[in-house]
Every structure is written in structure tokens, then in C-alpha cells.
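There are 2 protein chains.
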Amino acid sequence: MITEGKFTKGTPCRDCPLRPLPLFRPFKAEELAFVSHFKIGELAFGASATILAEGEQSEHLFTVLSGWGFRYKMLDDGRRQILNYVMPGDIVGLQGTLMGEMQHSIEALSPVVLCVFQRDRLAELYREHPDLAYDLTWIAAREERMLDENLLSIGRRSAVERAAYLIAFLYQRAATLELFSSGWSVIPVTQQHVADTLGLSIVHTNKTLKKLAARGLLRWAEKGCDVHDIDGLLALAGWDGLSEPKRPLI
Amino acid sequence: MITEGKFTKGTPCRDCPLRPLPLFRPFKAEELAFVSHFKIGELAFGASATILAEGEQSEHLFTVLSGWGFRYKMLDDGRRQILNYVMPGDIVGLQGTLMGEMQHSIEALSPVVLCVFQRDRLAELYREHPDLAYDLTWIAAREERMLDENLLSIGRRSAVERAAYLIAFLYQRAATLELFSSGWSVIPVTQQHVADTLGLSIVHTNKTLKKLAARGLLRWAEKGCDVHDIDGLLALAGWDGLSEPKRPLI
DNA sequence: CGGAAAATTGATAATTGTCAATCGTCGTGG
DNA sequence: CCACGACGATTGACAATTATCAATTTTCCG
Chain A
1 MITEGKFTKG TPCRDCPLRP LPLFRPFKAE ELAFVSHFKI GELAFGASAT
51 ILAEGEQSEH LFTVLSGWGF RYKMLDDGRR QILNYVMPGD IVGLQGTLMG
101 EMQHSIEALS PVVLCVFQRD RLAELYREHP DLAYDLTWIA AREERMLDEN
151 LLSIGRRSAV ERAAYLIAFL YQRAATLELF SSGWSVIPVT QQHVADTLGL
201 SIVHTNKTLK KLAARGLLRW AEKGCDVHDI DGLLALAGWD GLSEPKRPLI
Chain B
1 MITEGKFTKG TPCRDCPLRP LPLFRPFKAE ELAFVSHFKI GELAFGASAT
51 ILAEGEQSEH LFTVLSGWGF RYKMLDDGRR QILNYVMPGD IVGLQGTLMG
101 EMQHSIEALS PVVLCVFQRD RLAELYREHP DLAYDLTWIA AREERMLDEN
151 LLSIGRRSAV ERAAYLIAFL YQRAATLELF SSGWSVIPVT QQHVADTLGL
201 SIVHTNKTLK KLAARGLLRW AEKGCDVHDI DGLLALAGWD GLSEPKRPLI
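For the record, the sequence lines run as chains A and B. Mapping the first sequence onto the UniProt record's numbering, position 214 (from 1) lands on 214, and the numbers just tick up by one. Mapping the second sequence onto the UniProt record's numbering, position 211 (from 1) lands on 211, and the numbers just tick up by one.
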């Protein structure tokens with residue numbers, strides 16, 4: 001298990017594999033130039049590595065370039081709550097960068113590569129590139145929106161509804177990123193991750209997922225959850241699904 | 001019940017009653033000048049008025065000048081989840097302003113007065129006042145942090161711990177705003193609000209609060225919760241409490 | 001005074017958690 | 001190639017927590 005990430009120079013932003021996705025809003029040439037300058041390299045982690053730890057002063061700001069991870073907090077006695085998942089295009093470490101210490105940890109679910117940005121230059125970003133500054137706020141507001149949904153789900157949905165919501169949520173996020181191109185759609189989480197996201201015990205989570213499988217909505221596959229019927233999941237959760245217009249990528 | 005707010009010219013920012021609080025970071029003269037110009041008036045609501053409704057296009061951006069409110073979402077069948085509370089100095093409507101439609105509603109707990117900002121001028125804020133833009137992002141990150149804590153609480157704490165956490169959280173936020181100057185400390189919520197925040201039923205919430213009262217940690221007073229032993233609540237919740245350095249006010 | 005909203009209570013039911021195994025898969029070392 | 005061990009999934013039995021139902025009581029206000 002790699003805990004320290006491996007640093008490399010990485011690919012230049014102009015060759016960014018993410019930016020061409022239809023999901024992301026177009027980027028002005030000067031913005032691209034600035035971001036290229038803002039990025040100082042890449043950091044690679046293995047699956048289950050700790051990317052950022054609670055209590056750390058984060059020196060840098062990151063964008064996920066590839067891979068899946070999750071943000072979580074723990075209580076003193078070890079109870080863990082997964083707050084949200086991070087996927088390509090997500091910004092990571094912003095809370096820590098703005099407010100000092102990280103108040104949550106981030107762990108890799110699969111091998112993860114981050115773009116590394118120099119914290120010092122953030123002021124320059126705000127000074128010289130108001131559009132990018134706006135984008136940062138936008139991205140923070142988007143995270144808030146996801147957390148609102150999660151809170152609603154954990155607080156008020158039943159176990160089955162909650163599970164359906166979570167799987168549908170992850171499926172849709174990954175689908176818009178075109179992570180399922182290869183034909184099947186496996187979300188790389190264990191049932192323990194699902195349990196820690198839903199606020200349920202592992203045993204009850206297992207029984208709940210079985211119910212969803214019995215309805216033909218999903219199947220538990222090798223190393224994750226294979227979605228069979230996204231519409232069924234959405235209906236069961238009573239959720240409209242993600243409504244994401246074009247979003248910024250930094 | 002007032003649903004439409006009453007609009008007035010309001011007090012000029014230079015006489016803002018909030019800004020002098022030690023909680024808020026100092027403000028440069030030019031920032032004050034811009035914000036004065038950014039603010040177009042005030043909007044007053046009565047207790048239990050709907051300040052913003054899910055689905056609305058919000059024309060404006062607001063800062064709470066006085067009063068308590070809460071943000072919430074509902075499922076189709078009426079189940080309600082309170083996401084967070086809003087208090088003086090909090091920004092309201094940012095999600096809607098940035099991303100289009102509001103995805104949650106906001107209701108007043110007590111009479112509330114908002115400062116109203118012209119949405120159109122937001123671009124100008126980003127262009128001309130990078131420090132204020134930074135503050136906006138900072139405030140969004142702060143909200144995210146509070147939501148993280150809430151999520152941890154709802155997902156992983158027991159009913160009693162959850163209730164203790166919530167009351168301590170609200171108490172501390174109000175205390176830093178010096179809302180309890182008059183000697184006693186009553187949080188203006190009903191048990192239904194507590195229930196909808198904790199994700200519990202009203203009956204079980206009542207029994208849970210009784211347990212806290214039996215331990216001498218609080219008492220249910222007229223129109224709210226009177227905190228008797230904040231340290232006891234913090235200890236019971238296993239929570240360190242709010243750690244807020246100076247924060248920006250817009 | 002009357003009525004409505006909020007708080008309280010006890011009884012009972014449903015949901016979810018805990019315990020204790022078992023099973024399956026997979027990678028490693030012999 | 002096979003045994004071993006680790007981790008994750010699965011199960012059944014039972015316990016604890018939380019929800020629901022159905023009153024009552026209390027408080028608040030016009």
C-alpha cells in the first residue's frame with residue numbers, strides 16, 4: 001500500500017484527457033495558459049492509499065485527474081462516515097487550503113492521479129483570473145449541493161431507498177464522466193464503503209443490497225457494484241437524478 | 001404568516017451592527033465601499049415565513065443581518081430534512097445564484113432581516129475585488145465543513161449523541177455571535193425542528209431530549225432549548241466544538 | 001375562553017444492529 | 001500444484017434502537 005504519492009511532472013494541461021469531455025465547459029486560451037502555469041506536477045497513489053489526512057496542513061490544492069476516492073471523517077472510537085466520493089474533475093483539498101487544517105481525510109478507492117497546484121499562486125488566480133475564481137466558488141457550491149442530497153438521504157430515506165439513491169448517484173456521476181465506456185458499469189466500492197456512506201451496519205447493508213439485487217436493479221460483482229437498472233434505482237429512491245449543466249474544470 | 005418579505009432601504013453598511021463583532025475579520029475601506037454599493041436594500045420576514053423556496057430562480061444574493069432560519073429539503077411524500085441553520089453573517093442563496101435554481105428551501109425560525117445584493121454585480125465583485133471573491137469561496141467552504149460534521153453526526157452518532165451535538169453546535173454558533181447577551185441562552189427551535197435535523201421521529205426526539213434534560217445538560221424552555229451545560233453536551237457528543245478563526249462577512 | 005400547536009407518555013411494531021459463524025475468492029509461500 | 005491466510009460477502013438468531021399509534025397534557029394566542 002502506497003501512502004506517499006509518487007510525484008511526476010505529468011502531462012501538460014493542453015493535453016488534458018479530461019477537458020475534451022462534453023461535460024466540462026469550454027476553456028479560454030488564456031485560462032488554459034494560467035492553469036498550465038498553476039499546475040506544478042502530478043501525484044499518483046495506489047488503491048487504498050491515504051491521499052490527505054485530517055489534521056494535515058495541506059500545502060497544495062489538487063484536481064483529480066483519474067481514479068476514484070472518498071472523503072470521510074471518523075469519531076474517536078473508530079466509527080467512520082463517508083461524506084462523499086471524489087472522481088475525475090473534482091477539486092480536493094480546497095477546505096484545507098482556504099481554512100488551514102484539513103477536517104476530513106481522503107482515501108483512494110482505485111489508483112488515483114492528482115494534478116498538483118501551488119497554493120501560493122491561489123491569490124494570483126483570484127487577482128488575475130476572476131472567471132477561474134468564480135469557477136472555484138461554483139465547484140464549492142456543487143459539493144455543497146451533493147452534501148445536501150446526501151444529508152436528505154441519510155436523514156430521511158429508508159435503508160433500501162438510501163442504498164438505491166447512493167448507487168444511482170455514483171452511477172450517474174461516473175456515467176457523465178464516461179467512465180463506463182467498456183460496456184459494463186462497475187462501481188469500485190466494497191459493501192463496507194456503502195455501509196459507511198449510508199450510516200448502516202455492514203450486515204444490514206448486505207441484506208439491503210441483496211434486496212436490490214433480487215429486484216434486478218444491480219448485482220454485486222467482482223470488486224464492486226454492477227448497475228443493471230438505473231431507472232429502477234432512481235424510481236425506488238424517489239430521486240430525479242443529477243441535473244448537471246456544463247461544469248468548470250480547473 | 002408573512003411569505004413575501006418586506007423590502008426597505010435598510011441601514012447603510014457603514015453602520016452595520018454585525019461587522020464590529022470580534023468574530024468577523026476587519027474590512028478595508030474600499031471593500032466597505034464596494035459592499036455598500038453592492039447592497040440594494042433589506043428584506044424582512046416574519047417567523048415561519050418561507051425565505052427562499054426550492055425550484056426558485058433567485059434573483060438576488062443575501063446575507064442574514066438578524067434572526068434565525070433553517071435550510072431544508074423535502075422528499076415527495078413530505079419527509080423533511082433540515083440541512084443546516086442560518087444565522088447572522090451567513091450568506092443565503094449562493095447556490096441558486098451560481099447554479100441557477102435553488103435546490104433547497106429556507107424558512108425563518110424567528111423574524112429575519114436579510115441584506116439584499118444585486119446578482120448582476122457579482123461579476124463585478126469577482127473582477128474588481130478578489131479579496132471579496134476569496135471570501136465568498138471561503139464562506140462556501142465553511143458551509144461545506146458544517147455539512148460534513150452534520151453528516152458524520154447523522155450517519156454515525158446515536159440519538160443521544162446526535163442531539164447533544166446539535167444543541168452544542170447551535171449554542172456555539174449563537175454564542176460566537178453574542179446572541180445570548182441577555183443572560184440566558186435559548187435556541188428558538190421546536191422539537192419538530194430538532195427531529196427533522198437529526199433524522200429522528202418527533203416522539204423519539206422528545207424522549208431523547210428528556211434524557212439530556214435528566215442529566216442537567218439542558219432544559220426545554222418556552223419557545224426553545226435552554227442550554228445549561230455546554231461542556232457536558234460537548235463531552236457527550238464526543239465533539240471538540242467549533243474552531244472558528246475570524247471569518248469574513250459580506 | 002377556545003382552539004391550535006407543541007410537548008409528553010405508554011404500548012406496540014418495525015427497522016436496524018450485534019454476534020457468531022460460514023463461504024468464496026484470491027494471492028502467497030511451500 | 002496445493003495449503004494457508006486475509007479479506008469481503010453472506011446468513012441466521014437475537015438484541016437494541018427507533019418508529020408508529022393513540023391519547024393527554026401543556027402552552028400559547030387571539
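Glycine included, each C-beta is placed from N, C-alpha and C at the ideal position.
What's the C-alpha gap between A:R156 and A:A237? 11 Å
With DSSP as the reference, label B:V116 as helix, strand or coil. strand
Going by DSSP in three states, B:A200 sits in which element: helix, strand or coil? Note on residue identity: the sequence assigns Leu, not Ala, to residue 200 of chain B. In the structure shown, B:L200 sits in coil (DSSP, three-state: anything other than H, G, I, E or B).
Among B:T11, B:R145, B:V35 and B:I230, which has the Cα closest to the Cα of A:R71? B:R145
CB A:F24 to CB A:G89, shorter than 8 Å? yes
Rounded to whole angstroms, what's the CA-CA distance from B:E229 to B:A175? Just pull it up for me. Note on identity: in this sequence residue 229 of chain B is Asp, with Glu being the wrong assignment. About 13 Å.
Locate the beta strand (DSSP E) running through B:E107, then write down its first and last residues. S105 to A108
DSSP-derived helix/strand/coil call for B:L125: helix
Between the stretch 119-133 of chain A and chain B, which residues of the former have a C-beta closer than 7 Å to a C-beta of the latter? Y126, R127, P130 and A133
CB contact check: A:M99 to chain B, cutoff 8 Å: yes
Can you tell me which residues form a DSSP beta bridge with B:T8? B:E42
Return the chain-ordered list of same chain residues with a C-beta closer than 7 Å to the C-beta of B:G55, the five sequence neighbours on each side being excluded. E101 and M102
If the cut-off is 8 Å on Cβ atoms, which residues from the stretch 233-244 of chain A count as contacting chain B, listed in chain order? G238
Could you please give the first and the last residue of the uninterrupted beta strand (DSSP E) stretch that includes A:G69? G69 to M74
Along chain B, in chain order, which residues have C-beta atoms closer than 9 Å to that of A:A213? Chain B residues near A:A213: none, gap ~23 Å exceeds 9 Å.
Measuring only between beta-carbons, confirm whether B:N150 sits less than 8 Å from chain A. yes
B:G199 versus chain A: which residues are under 7 Å apart at the beta carbon? I154, G155 and R156
Could you please tell me which residues of the stretch 49-82 of chain B, in chain order, have their CB closer than 9 Å to any CB of chain A? R71, Y72, K73, M74, L75, D76, D77, R79, R80, Q81 and I82
Any chain B beta carbon closer than 8 Å to A:H104: yes
In whole angstroms, give me the CA-to-CA distance for A:R119 and A:G41. 13 Å
For A:Q95, would you say it is in contact with chain B, using Cβ-to-Cβ distances shorter than 8 Å as the test? yes
Other residues of its chain near A:V112: CB distance less than 6 Å, five sequence neighbours each side excluded: F45, G67 and G69
DSSP state of A:M1, grouped into three classes? Unreliable positioning characterises A:M1 in this predicted model, as indicated by a pLDDT of 44, which lies under 50. The coordinate reading is nonetheless provided below. Here A:M1 sits in coil by DSSP.
With B:S153 as the anchor, note down where its beta strand (DSSP E) starts and where it stops. No beta strand (DSSP E) contains B:S153, which is instead part of the alpha helix (DSSP H) from P130 to R156.
Per DSSP, what kind of secondary structure is A:C13 in: helix, strand or coil? helix
Could you name the residues of chain B that A:W220 contacts, counting a contact when the two beta carbons are closer than 7 Å? Those within 7 Å of A:W220 in chain B number zero; the least Cβ separation is about 22 Å.
Give the range of the beta strand (DSSP E) segment to which B:T50 is assigned. T50 to L52
The beta strand (DSSP E) that contains B:A221, what's its start and end? L218 to A221
Contact with chain B by A:A29, beta-carbon distance below 8 Å: no
Just list the residues that DSSP pairs B:E101 with in beta bridges. B:Q57
I'd like to know if A:R145 contacts chain B, where contact means its C-beta is closer than 8 Å to some C-beta of that chain. yes
Assuming the contact rule is C-beta atoms closer than 8 Å, A:C115 and A:T50 should be a hit. Round their C-beta distance to whole Å, please. In fact, because the Cβ distance is near 18 Å, the residues do not count as touching under 8 Å.
Less than 8 Å between the C-beta atoms of residue 295 of chain B and B:I187, yes or no? Past the boundaries of the shown model lies residue 295 of chain B; chain B is included only from 1 to 250, so the question cannot be answered.
Write down the C-beta distance between residue 299 of chain A and A:G78 rounded to the nearest angstrom, noting that I regard them as a contact closer than 8 Å. One cannot answer for residue 299 of chain A here, as it falls past the ends of chain A, which runs 1 to 250.
Report the option in A:T97, A:A47, A:E161 and A:E31 whose CA atom is closest to the CA atom of A:G5. A:A47
Selected residue, minimal CA-CA separation from B:R142, among B:V35, B:Y85, B:R219 and B:L233: B:Y85
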